[in-house]
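Numbering (the UniProt record's numbering), first residue to last: 1 to 381.
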């Protein structure tokens with residue numbers, strides 16, 4: 001068997017091969033949620049992704065006998081490094097066949113590139129920012145993946161352990177939340193109480209308000225305020241916010257988007273819940289991540305006609321100073337009836353740090369199951 005050859009992606013053809021490898025490796029997998037091809041292109045292209053205003057990146061492909069056997073992205077988020085006083089090179093978009101020589105060579109390429117740029121540690125899997133997939137799945141391999149996360153085979157973390165030198169930097173958990181037959185009484189009582197006591201109210205959006213009245217900006221101001229002190233977070237720039245408004249809100253069913261406003265503070269937006277019908281099964285039917293010729297129909301059925309049992313809790317955020325007031329109860333008392341109406345059976349939370357008990361306490365009045373765990377690894381260079 002010939003040795004593994006690592007090549008840097010230098011052109012569009014190489015980027016296409018980088019994107020295509022995941023589709024080939026996971027073809028037919030019942031749990032993976034493959035991204036749409038054009039979304040991958042937009043995220044990985046340096047002239048399209050606003051994160052490149054403060055990030056640097058290189059992409060590497062692994063070959064054996066002329067066949068692609070692995071890929072990885074090397075990323076330096078200069079803003080996050082400055083914020084957290086670290087010199088980290090991140091690895092992300094990592095996929096490989098079950099061959100320890102391949103995975104070792106890929107990560108060695110990231111390590112070398114990081115050293116060349118003055119980094120002192122390698123950490124991941126992470127993307128450019130927290131809006132990208134985070135962590136390597138270490139538990140929950142037979143659970144349905146989500147559009148916002150990356151699935152991986154069970155042999156991935158085994159390779160990390162076998163290579164040596166890596167240690168846990170952070171773990172994330174994900175919960176399956178079962179939609180109740182009625183809104184839990186606790187949520188209803190808390191929602192009624194904080195409406196009267198603190199003058200907090202639910203705000204439902206119209207398309208016009210999103211496009212013309214700046215609510216997209218207000219939403220991501222809350223996201224920055226909510227996640228600003230969490231592991232590895234880098235504040236979203238204005239260009240990123242503009243991109244994410246188009247990405248998350250342009251096609252959203254606004255019945256599944258709920259804001260909380262403080263009417264004692266000039267209707268300041270203090271909480272946000274962006275939820276969407278799960279697209280995983282639909283994306284699995286989009287060959288190579290393409291909407292044409294038939295993929296668009298499956299995506300449309302899930303997105304607009306709610307032909308799925310699952311709702312993804314994409315972004316849930318409450319400003320820190322409002323969490324103790326129970327503002328999250330307003331979100332759920334509004335959203336749960338919509339879930340019931342659309343026939344959703346359960347919801348998928350986004351990744352949550354295992355130590356973030358305040359976030360996990362939001363689900364205490366719902367039947368829930370911690371069904372996935374992800375790990376970020378770190379290694380000194």
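Here a beta-carbon is modelled for each residue, glycine too, at the ideal position from N, C-alpha and C.
| message | Tell me the rounded alpha-carbon separation between residue 175 and residue 78. | response | Position 175 of the chain shown, counted from the start, is the residue given in the question as residue 175. Position 78 of the chain shown, counted from the start, is the residue given in the question as residue 78. Rounded to the nearest whole angstrom, the C-alpha separation of residue 175 and residue 78 is 31 Å.
| field | Identity of the residues DSSP links to residue 178 by a beta bridge | value | Within the chain shown, residue 178 is the residue found at index 178, counting from 1. By DSSP's assignment, residue 178 forms a beta bridge with 346.
| request: Please report the residue range of the beta strand (DSSP E) in which residue 320 lies. | output: In the chain shown, the residue the question calls residue 320 occupies position 320. No beta strand (DSSP E) holds residue 320; the alpha helix (DSSP H) holding it covers 320–323.
| Going by DSSP, which residues form a beta bridge with residue 260? | Taking the chain shown and counting its residues from 1, the one referred to as residue 260 is at position 260. Residue 260 has 202, 271 as its beta-bridge partners, per DSSP.
| field | Contact under 8 Å by Cβ, residue 137 with residue 281 | value | Within the chain shown, the letter at position 137 stands for residue 137. Within the chain shown, the letter at position 281 stands for residue 281. Result no, Cβ atoms of residue 137 and residue 281 do not sit closer than 8 Å.
| query | Fully enclosed by the region 201–232, which alpha helix (DSSP H) runs are 4 residues long or longer? | reply | Runs found: 207–212, 215–227.
| Buried or exposed: residue 131, going by 16 or more other Cβ atoms within 10 Å of its Cβ? | In the chain shown, counting from the first residue as 1, residue 131 sits at position 131. The residue is buried, with at least 16 neighbouring Cβ atoms inside 10 Å.
| message | Using a Cβ distance threshold of 8 Å, determine whether the region 299–318 contacts the region 345–362, with at least three qualifying pairs required. | response | Segments in contact, yes.
| request: Given a cut-off of 8 Å, decide if residue 298 and residue 285 are closer than it, judged by their beta-carbon atoms. | output: To locate residue 285, count along the chain shown from 1; it is residue 285. To locate residue 298, count along the chain shown from 1; it is residue 298. A contact, by the Cβ cut-off of 8 Å.
| field | Per DSSP, the bridge partner or partners of residue 121 | value | Counting from one through the chain shown, the residue named residue 121 turns up at place 121. In DSSP, residue 121 forms a bridge with 88, 380.
| message | If you follow the beta strand (DSSP E) that residue 62 is in, where does it begin and where does it stop? | response | Here residue 62 corresponds to residue number 62 of the chain shown, with the count starting at 1. Following the DSSP letters along the chain, one finds residue 62 inside the beta strand (DSSP E) bounded by residues 55–64.
| query | Going straight from the alpha carbon of residue 315 to that of residue 191, what length do you get? | reply | Here residue 315 corresponds to residue number 315 of the chain shown, with the count starting at 1. Here residue 191 corresponds to residue number 191 of the chain shown, with the count starting at 1. Whole-angstrom Cα-Cα distance: 20 Å.
| Buried or exposed: residue 82, going by 16 or more other Cβ atoms within 10 Å of its Cβ? | In the chain shown, counting from the first residue as 1, residue 82 sits at position 82. Looking at its Cβ environment, which holds fewer than 16 other Cβ atoms inside 10 Å, residue 82 is exposed.
| said: According to DSSP, is residue 49 part of a helix, a strand, or is it coil? | reply: In the chain shown, residue 49 corresponds to position 49, counting from 1. In this structure, residue 49 counts as coil in the three-state DSSP scheme.
| field | Paired residues, beta bridge with residue 133 - DSSP | value | What you label residue 133 is simply residue 133 of the chain shown in a count that begins at 1. According to the DSSP secondary-structure assignment, residue 133 is paired through a beta bridge with no residue.
| field | Any beta strand (DSSP E) of 3 or more consecutive residues that is wholly inside the region 272–337 | value | Scanning the region 272–337 for uninterrupted beta strand (DSSP E) segments of 3 residues or longer gives 310–318, listed from N- to C-terminal end.
| The alpha helix (DSSP H) spanning residue 16 covers which residue range? | Here residue 16 refers to the residue found at position 16 when the chain shown is read from its first residue. 12–25 is the span of the alpha helix (DSSP H), which, as asked, contains residue 16.
| request: Ignore the nearest five residues each way along the sequence and tell me which others in residue 370's own chain have a CB closer than 6 Å to its CB. | output: Taking the chain shown and counting its residues from 1, one reaches residue 370 at position 370. So the list reads 173, 175, once near-sequence residues are dropped.
| task | Can you tell me the Cβ-Cβ gap for residue 71 and residue 38, rounded? I've got them flagged as a contact below 8 Å. | result | Taking the first residue of the chain shown as position 1, residue 71 is located at position 71. Taking the first residue of the chain shown as position 1, residue 38 is located at position 38. That belief does not hold up - the Cβ atoms of residue 71 and residue 38 are roughly 18 Å apart, past 8 Å.
| field | Close Cβ partners of residue 210 (< 6 Å) along its chain, the five nearest in sequence each way excluded | value | Counting from one through the chain shown, the residue named residue 210 turns up at place 210. The residues are 216, 249.
| query | What residue from 334, 25, 89 has the CA that sits closest to residue 183's CA? | reply | Taking the chain shown and counting its residues from 1, the one referred to as residue 183 is at position 183. For residue 183, the closest C-alpha among the options 334, 25, 89 is that of 334.
| request: Output the distance between the C-alpha atoms of residue 106 and residue 47, rounded to the nearest integer angstrom. | output: Reading the chain shown from its first residue, position 106 is the one you call residue 106. Reading the chain shown from its first residue, position 47 is the one you call residue 47. Approximately 25 Å, taken between the alpha carbons.
| query | Which of helix, strand or coil does DSSP assign to residue 110? | reply | Translated into the one-based positions of the chain shown, residue 110 becomes position 110. Judged by DSSP in its simplified three-state form, residue 110 adopts helix.
| How many Å lie between residue 117 and residue 50 at the Cα? | Here residue 117 refers to the residue found at position 117 when the chain shown is read from its first residue. Here residue 50 refers to the residue found at position 50 when the chain shown is read from its first residue. Approximately 21 Å between the Cα atoms of the pair.
| message | Give me the DSSP bridge partner(s) of residue 352. | response | Residue mapping note: residue 352 aligns to position 352 of the chain shown, counting from 1. Looking at the DSSP output, residue 352 sits in a beta bridge with 173.
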